[in-house]
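Q: Per full-length UniProt numbering, numbering of the sequence shown is gapless, rising by one per residue and ending at 358.
Glycine included, each C-beta is placed from N, C-alpha and C at the ideal position.
These figures come from a predicted structure and were not determined experimentally.
Have a look at this one.
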Amino acid sequence: MDGLIRRPMNLKYYQPFQRGNRTCVSPPLEVADDGSKAWKNCLVGHFIEKKLPFTLVKNIAMRIWGSRGLLEVLANEKGFYFFKFSDDEACSNVLEAGPWLFTGRMLILKKWHPRLILTKDTYSKIPMWVKLFNIPHEYWTKDGLSYIASAVGKPLYVDSLTESMKRISFARVCIEIDATCDLVDSFDLFMGDDMYPNEGEKVEILVEYQWKPKICTECKSFGHSDVTCLRLKTMQSPSYMDLPSKPKQEWKMPPIHDANVSDPFKENVIDTSNHFSALVDDGGNLCGEDDSPATASPDHLLWLTKIKNIDGVPIIGLSSPSETSSKKKKKKRMSKAAKKGMESSSQAKVKSSLSLND
Numbered sequence: 001m002d003g004l005i006r007r008p009m010n011l012k013y014y015q016p017f018q019r020g021n022r023t024c025v026s027p028p029l030e031v032a033d034d035g036s037k038a039w040k041n042c043l044v045g046h047f048i049e050k051k052l053p054f055t056l057v058k059n060i061a062m063r064i065w066g067s068r069g070l071l072e073v074l075a076n077e078k079g080f081y082f083f084k085f086s087d088d089e090a091c092s093n094v095l096e097a098g099p100w101l102f103t104g105r106m107l108i109l110k111k112w113h114p115r116l117i118l119t120k121d122t123y124s125k126i127p128m129w130v131k132l133f134n135i136p137h138e139y140w141t142k143d144g145l146s147y148i149a150s151a152v153g154k155p156l157y158v159d160s161l162t163e164s165m166k167r168i169s170f171a172r173v174c175i176e177i178d179a180t181c182d183l184v185d186s187f188d189l190f191m192g193d194d195m196y197p198n199e200g201e202k203v204e205i206l207v208e209y210q211w212k213p214k215i216c217t218e219c220k221s222f223g224h225s226d227v228t229c230l231r232l233k234t235m236q237s238p239s240y241m242d243l244p245s246k247p248k249q250e251w252k253m254p255p256i257h258d259a260n261v262s263d264p265f266k267e268n269v270i271d272t273s274n275h276f277s278a279l280v281d282d283g284g285n286l287c288g289e290d291d292s293p294a295t296a297s298p299d300h301l302l303w304l305t306k307i308k309n310i311d312g313v314p315i316i317g318l319s320s321p322s323e324t325s326s327k328k329k330k331k332k333r334m335s336k337a338a339k340k341g342m343e344s345s346s347q348a349k350v351k352s353s354l355s356l357n358d
């Protein structure tokens with residue numbers, strides 16, 4: 001099975017080391033120097049706003065830079081593109097010929113170098129291609145175009161057709177735009193003399209942007225708007241100290257209701273206007289009648305002794321366990337006396353009958 005697996009690169013094991021609770025490795029400098037050779041003729045780029053599909057970027061780059069020595073296009077998941085060229089001169093030519101727009105979006109390019117940290121910086125100034133319309137012919141010069149383009153931003157250069165005046169319908173100028181300034185759509189050109197520069201005939205110059213980037217007025221930078229500004233959201237969000245604190249929980253014991261005190265919120269109220277009505281069960285029998293044997297424990301009637309009326313007086317008809325036992329003893333003595341009386345009466349009858357017979 002191992003023979004079927006292709007292993008073009010045999011790796012080695014190097015002992016790592018611990019720094020605190022972190023596992024670390026530290027390759028020597030020659031390792032990085034050897035790996036940098038594959039990237040020395042490379043440009044790294046990203047778009048200011050959302051990234052474009054890799055296939056689209058690769059096709060555009062090969063079409064416009066293929067003749068300039070572009071060999072390969074790569075990309076990572078963070079939206080960075082890597083353009084490998086045949087030599088360092090090709091890299092420099094593409095970098096100096098910028099800025100480059102891909103489908104109207106500007107591609108930010110920089111030369112790759114060792115220890116390059118791939119971060120998308122915020123830009124307060126970016127170069128943009130701008131079309132200027134209605135320029136009088138006498139101002140179609142280096143100084144004339146410089147004055148006119150300065151109303152939009154800092155002029156950098158013009159394209160070849162503008163420089164050669166092969167296309168005079170508009171001038172295409174690369175201008176550095178500042179995020180702190182508004183993007184003007186038109187401005188006025190005064191064609192006066194040196195003594196009265198703000199007087200004379202006026203011409204309106206129209207401005208057309210090939211691409212309008214998003215501008216954040218809070219960060220004063222390009223790439224995002226006020227709606228998606230993280231700094232603005234952080235400032236507007238309430239701080240931890242401003243959040244309302246949760247009410248403190250207090251554990252309270254439920255109120256204890258005294259059975260001897262009238263409770264107006266008591267659900268089950270016994271009507272004691274007729275003291276005996278509360279003692280009759282569903283069968284019509286009086287509660288408290290003891291049908292159990294005399295040997296049974298009287299505890300099963302203890303709950304009845306706890307029922308009291310509003311005044312706290314025991315309900316009529318119920319007696320305490322001590323009273324019940326005394327009554328039983330009294331009944332027992334009465335039954336014994338009655339039995340003796342019956343025996344004495346029967347003996348008297350026998351004696352009387354014997355005397356009659358005699």
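Per DSSP, which one or two residues make a beta bridge with Lys154?
A: Its beta-bridge partners are Glu176.
Q: Considering only C-alpha positions, which residue in the set Leu183, Val203, Cys219 and Lys110 is nearest to Cys91?
A: Per the Cα distances, Lys110.
Q: Is the number of C-beta pairs between the region 9-20 and the region 49-69 that are closer than 8 Å three or more?
A: At 8 Å Cβ cutoff, the stretches do not touch.
Q: Helix, strand or coil: how does DSSP classify Lys125 here?
A: In this structure, Lys125 counts as strand in the three-state DSSP scheme.
Q: By DSSP, does Arg63 sit in helix, in strand, or in coil?
A: Arg63 falls in the helix class under three-state DSSP.
Q: Beta-carbon separation of Leu206 and Phe133 under 7 Å?
A: Yes, Cβ-Cβ distance for Leu206 and Phe133 is below 7 Å.
Q: With a CB to CB cut of under 8 Å and the five nearest residues on each side skipped, what residues in its chain are close to Trp140?
A: Answer for Trp140: Met165, Ile168 and Ala171, listed in chain order.
Q: Can you grab the Cα-Cα spacing for the pair Asp152 / Val25, in whole Å?
A: The sequence shown places Val at residue 152, rather than the Asp named in the question. About 52 Å.
Q: Closest to Pro136 by C-alpha separation, out of Tyr147, Trp129, Val130 and Pro127, would be which residue?
A: Ranking the options by Cα distance to Pro136, first place goes to Tyr147.
Q: Output the distance between the C-alpha atoms of Ile126 and Val203, rounded to the nearest integer angstrom.
A: Using only the alpha carbons, I get a separation of about 28 Å.
Q: Using beta-carbon positions only, say whether Lys50 and Val73 come within less than 7 Å of one another.
A: No; because the gap between Cβ atoms is not below 7 Å, this pair is not in contact.
Q: Between which two residues does the beta strand (DSSP E) carrying Lys111 extend?
A: Arg105 to Lys111 is the extent of the beta strand (DSSP E) around Lys111.
Q: Report buried or exposed for Ala294, applying the criterion of at least 16 other Cβ atoms within 10 angstroms of its Cβ.
A: For Ala294, the predicted structure reports a pLDDT of 45, less than 50, and the residue's modelled location is therefore unreliable. The matter cannot be settled from this model.
Q: Which of the three DSSP states, helix, strand or coil, is assigned to Phe54?
A: Correct three-state label for Phe54: helix.
Q: Taking the alpha-carbon positions, what's the Ile215 to Thr180 distance?
A: Straight-line Cα distance between these residues: approximately 9 Å.
Q: On the premise that Asn21 lies in contact with Asp88, defined as a C-beta separation below 8 Å, what is that separation, rounded to the nearest angstrom?
A: Actually they do not touch by this definition, with Cβ atoms about 43 Å apart.
Q: Have a look at Asp182, Trp129, Thr55 and Ser150 and flag the residue whose alpha-carbon is nearest the alpha-carbon of Asn76.
A: Cα-wise, what sits closest to Asn76 is Thr55.
Q: Could you tell me the boundaries of the alpha helix (DSSP H) in which Tyr147 lies?
A: First-last of the alpha helix (DSSP H) with Tyr147: Lys142 to Ala149.
Q: Would you report the Cα separation of Gly35 and Leu71, rounded to the nearest angstrom?
A: Cα to Cα, Gly35 sits roughly 18 Å from Leu71.
Q: Taking only the alpha-carbon atoms, compute the straight-line gap between Ile48 and Lys84 and give it to the nearest angstrom.
A: Roughly 21 Å between the two C-alpha positions.
Q: May I ask you to list the residues that DSSP assigns as paired with Tyr209?
A: In the DSSP output, where bridge partners are listed per residue, Tyr209 has Val130.
Q: Mind checking which residues open and close the alpha helix (DSSP H) that includes Thr162?
A: Unbroken alpha helix (DSSP H) run through Thr162: Ser160 to Ser164.
Q: Return yes when the Cβ of His113 is within less than 7 Å of the Cβ of Phe80, no when it is not.
A: Taking 7 Å as the Cβ cut-off, Phe80 and His113 do not qualify as a contacting pair.
Q: Grab me the residues of Leu116's own chain with a C-beta within less than 6 Å of its C-beta, minus the 5 sequence neighbours each way, in chain order.
A: Excluding positions up to five away in sequence, the list is empty.
Q: Would you say Gly69 and Ser86 are within 7 Å of each other, going by their C-beta atoms?
A: Cβ distance < 7 Å, so Gly69 and Ser86 count as in contact.
Q: Please determine, among Asp33, Val94 and Leu145, the residue with the shortest C-alpha to C-alpha distance to Val44.
A: Selected option, being the one with the closest Cα: Val94.
Q: Going by the beta-carbon positions, is the gap between Glu201 and Lys131 smaller than 7 Å?
A: Not a contact, by the Cβ cut-off of 7 Å.
Q: Run through DSSP, which three-state label would Cys91 get?
A: Helix at Cys91.
Q: Would you please state the rounded distance, in angstroms, between the beta carbons of Arg105 and Leu183? I believe it to be under 8 Å.
A: Contact doesn't hold; Cβ gap of about 16 Å is too wide.
Q: Tell me which same chain residues have a C-beta within less than 6 Å of the C-beta of Met120, skipping the five on either side of it?
A: A small fix is needed here, since residue 120 is Lys in this sequence, not Met. Correct list, in chain order: His46.
Q: How far does the beta strand (DSSP E) with Leu70 in it reach, from first residue to last?
A: Segment Leu70 to Ala75, the beta strand (DSSP E) holding Leu70.
Q: Under 7 Å, do Lys142 and Glu176 count as touching if we go by C-beta distance?
A: No, they are not a contact pair.
Q: Return the bridge partner residues of Ile168 from the DSSP annotation.
A: Answer by DSSP bridge pairing: none, since Ile168 is not bridged.
Q: Mind checking which residues open and close the beta strand (DSSP E) that includes residue 379?
A: A question about residue 379 goes unanswered here, because the residues of the chain that appear run from 1 up to 358.
Q: Quick one: is Val31 buried, meaning 16 or more other Cβ sit within 10 Å of its Cβ, or exposed?
A: When all chains shown are included, Val31 counts as exposed.
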